[in-house]
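Following: one structure in structure tokens, then a few remarks.
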Amino acid sequence: MIPNTSGSIPADLDRWLHANDQRGMDDLFAFLRIPSVSAKSDHNADTARAAEWLNASLTRFGFASEILPTPGHPIVLAEWRKAPAGAPTVLIYGHYDVQPSEPNELWTSPAFEPTVRDGKLFARGAVDDKGQLWVHAMALAAHLGARGTLPVNVMVLAEGEEEVGSVNLAHFIERNRARLACDYVVISDSAMFAPGIPSILSSLRGLAYFQIEVQGPSGDLHSGMYGGAVVNPAMALARLLATMHDARGRVAIKGFYDRVRAFPAAVLMGMKKLPHSDARFRKDVGVKALGGEAGKTTLEKLWTRPTCEVNGMLSGYTGEGAKTVLPAKAMAKVSFRLVPDQDPDLVEKLLRAHIKRVAPPGVTVTITAMHGGRPWRADLDGPLFDAARVALAAAFGRDPVIVGEGGSIPVVGDFERILGAPVLLVGFGLPGENAHAPDEWISVDNLRRGMRAMAVLYDALG
Ligand code: BES
Ligand code: MN
Ligand code: MN
0 MIPNTSGSIP
10 ADLDRWLHAN
20 DQRGMDDLFA
30 FLRIPSVSAK
40 SDHNADTARA
50 AEWLNASLTR
60 FGFASEILPT
70 PGHPIVLAEW
80 RKAPAGAPTV
90 LIYGHYDVQP
100 SEPNELWTSP
110 AFEPTVRDGK
120 LFARGAVDDK
130 GQLWVHAMAL
140 AAHLGARGTL
150 PVNVMVLAEG
160 EEEVGSVNLA
170 HFIERNRARL
180 ACDYVVISDS
190 AMFAPGIPSI
200 LSSLRGLAYF
210 QIEVQGPSGD
220 LHSGMYGGAV
230 VNPAMALARL
240 LATMHDARGR
250 VAIKGFYDRV
260 RAFPAAVLMG
270 MKKLPHSDAR
280 FRKDVGVKAL
290 GGEAGKTTLE
300 KLWTRPTCEV
310 NGMLSGYTGE
320 GAKTVLPAKA
330 MAKVSFRLVP
340 DQDPDLVEKL
350 LRAHIKRVAP
360 PGVTVTITAM
370 HGGRPWRADL
380 DGPLFDAARV
390 ALAAAFGRDP
400 VIVGEGGSIP
410 VVGDFERILG
420 APVLLVGFGL
430 PGENAHAPDE
440 WISVDNLRRG
450 MRAMAVLYDA
460 LG
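With numbering that gives the first Met the number 0 applied, the sequence shown covers 0 to 461.
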């Protein structure tokens with residue numbers, strides 16, 4: 000059950016993790032039972048409870064931990080600063096908030112009742128990100144439990160607003176820049192390329208998210224009495240959305256690609272060598288054909304190219320049967336994934352100019368910016384990445400691969416910019432993990448290997 004890492008993990012740490020395996024799982028179950036859904040205000044008490052739970056756990060492990068309020072959900076900041084003089088300081092970041100669990104009827108077991116089936120731990124937050132945050136907590140606890148000390152100074156910073164855009168975090172880091180000063184930032188909030196293949200992230204896409212509203216007549220109209228003479232807002236919105244891409248699958252907003260910086264040839268070459276199969280990918284997501292930009296490979300599209308997506312649409316009658324109505328308004332949630340050096344604020348300007356150009360007369364279009372985040376690219380040299388390679392190899396029995404990522408963690412760029420420290424992104428999820436979807440899971444084996452890998456990482460950095 001528990002991974003045999005053939006003596007590559009220091010025996011005292013491995014022994015502690017063995018001895019505390021069940022206790023650690025029970026604790027993680029308790030964490031996962033708290034429905035800390037940051038997007039929903041009726042869960043605010045639960046979100047606060049998750050912060051308190053984490054704070055208490057880190058305190059029990061030997062950290063000086065406190066809950067720091069923000070205008071939104073609080074931040075948990077735990078510190079241990081008794082490493083030998085000259086030892087580096089590591090800041091570990093994660094988030095204790097989760098996405099909403101809906102649609103609940105599609106879960107095999109309830110979202111907030113953690114359940115293990117086939118070596119997978121199912122629960123909302125299992126992989127994103129409570130389980131991965133817990134990997135670090137246990138790795139740190141192993142050091143403090145087995146040795147009474149850590150080879151590095153450590154801060155654990157966990158926020159409760161990642162899933163709603165980390166709106167207060169950049170400001171918090173700015174204000175606490177001196178206290179948060181560190182040599183390295185480590186984050187586990189992503190996935191491995193494939194089972195058994197440990198992975199280091201070299202890039203994240205950024206995000207610019209908008210709500211687009213199209214207002215037509217002042218109220219809903221009889222579609223027979225008015226249709227044909229009054230512009231239909233749902234049709235207007237559909238037309239408007241259809242202008243977002245050209246025939247080759249590129250985003251057709253003027254200037255959108257101006258800031259896109261090519262990925263280094265070595266990174267692109269590395270991507271081509273990864274064992275990816277389009278047929279398999281199609282099957283995994285359940286489609287007959289793939290889309291997107293012509294002339295790019297799937298991994299290139301996912302990791303190195305910006306996109307425009309519709310996340311949701313709402314208009315008119317959507318209930319049972321047929322209702323003849325010309326709706327008064329239509330709405331779409333539209334987001335852009337961005338790559339270096341695109342900028343969310345600039346994308347907003349370009350989008351507004353584009354909509355102004357293509358909006359049909361007879362309706363009023365309003366754009367509201369929701370949240371955004373900058374794209375990020377790692378510089379994979381230096382002691383942090385060397386240590387990560389050693390640590391992952393020790394726990395997984397093979398060298399890690401370098402991967403990109405299509406998702407976004409907005410704060411990563413802020414850490415680098417404000418604290419001036421390199422960021423290591425090393426995740427323990429797996430393809431098909433159902434993050435943000437029903438039946439989210441994390442591999443129990445990855446949890447255990449992850450704990451061992453991170454325990455070795457702190458050794459290697461110390
Ligand atoms: N952990 C994810 C981001 C992620 C997913 C990184 C997969 C690497 C691999 C994070 O919790 C998330 O969901 N981010 C949001 C952005 C946020 C602003 C809502 C995303 O990517 O949609
Ligand atoms: Mn996450
Ligand atoms: Mn997420």
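Yeah, the Cβ is synthetic: ideal placement off N, Cα and C, and Gly gets one too.
Everything numeric in this text was worked out from a predicted model, so none of it was measured.
Assumed close pair residue 479, residue 248 - CB separation to whole angstroms, cut-off 8 Å: Any question about residue 479 goes unanswered here, given that the chain covers just 0 to 461.
Any non-hydrogen atom of ligand 3 closer than 7 Å to residue 435 Cβ: yes
Own chain residues within Cβ distance below 8 Å of residue 172, not counting five before or after: Around residue 172, the same chain offers 179, 410, 413, 414, 417 and 418 as residues with beta carbons nearer than 8 Å, after the five sequence neighbours per side are excluded.
Cβ-heavy atom distance, residue 162 to ligand 3, below 7 Å: yes
Rounded Cβ spacing between residue 197 and residue 215 (contact assumed at less than 8 Å): No, residue 197 and residue 215 are not in contact; Cβ-Cβ is about 53 Å, not under 8 Å.
Backbone secondary structure at residue 432 - three-state DSSP: coil
Buried or exposed (CB count within 10 angstroms, at least 16 for buried), residue 187: buried
Whole-angstrom distance between residue 406 and residue 470, CA atom to CA atom: Residue 470 is absent from the model: the chain starts at 0 and stops at 461.
Residue 309 - containing beta strand (DSSP E), residue span: 306-314
Contact test: residue 51 Cβ vs ligand 1 heavy atom, cutoff 7 Å: no
Beta-ladder partner(s) of residue 92, from DSSP: Paired residue(s): 156 and 186.
For residue 454, the three-state DSSP class (helix, strand or coil): Shown here, residue 454 sits in a helix according to DSSP, grouped into three states.
Any non-hydrogen atom of ligand 5 within 7 Å of residue 94 CB: As far as ligands go, the structure on display features ligand 1, ligand 2 and ligand 3 and does not contain ligand 5.
Length at least 4, wholly inside the stretch 189-252: the alpha helix (DSSP H) runs in chain order: Qualifying alpha helix (DSSP H) stretches, in chain order: 222-225 and 232-241.
Simplified DSSP state of residue 270, which is helix, strand or coil: Here residue 270 sits in helix by DSSP.
Contact belief for residue 191 with residue 427 at Cβ below 8 Å, rounded distance in angstroms: Their Cβ separation, rounded to whole angstroms, is 6 Å, which keeps residue 191 and residue 427 in contact under 8 Å.
Under the three-state DSSP convention, the category residue 464 falls into: Absent from the structure is residue 464, since the part of the chain shown begins at 0 and ends at 461.
Coil, strand or helix - residue 24 by DSSP: If DSSP states are grouped into helix, strand and coil, residue 24 belongs with the helices.
Exposure label - residue 154; buried when at least 16 CB within 10 Å: buried
Residue 413 Cβ short of 7 Å to ligand 1 heavy atom set: no
Exposure of residue 284, with buried meaning 16 or more beta-carbon neighbours within 10 Å: exposed
Residue 462: CB within 7 Å of a non-hydrogen atom of ligand 3: The shown model of the chain, from 0 to 461, leaves out residue 462, and the question about it has no answer.
For residue 372, the first and last residue of its enclosing beta strand (DSSP E): It spans 363-372 - the beta strand (DSSP E) in which residue 372 sits, taken as one unbroken run.
Close Cβ partners of residue 270 (< 6 Å) along its chain, the five nearest in sequence each way excluded: 298
Burial state of residue 17, where buried means 16 or more other Cβ atoms lie within 10 Å: exposed
Under 8 Å between C-beta atoms of residue 131 and residue 259: no
Assigned exposure category for residue 3 - 16 Cβ within 10 Å defines buried: exposed
Contacts around residue 401, its chain only, beta-carbon distance under 6 Å, and the 5 residues preceding and following it disregarded: 199, 201 and 269
Segment contact flag, the stretch 390-397 with the stretch 234-243, C-beta cutoff 8 Å, min 3 pairs: no
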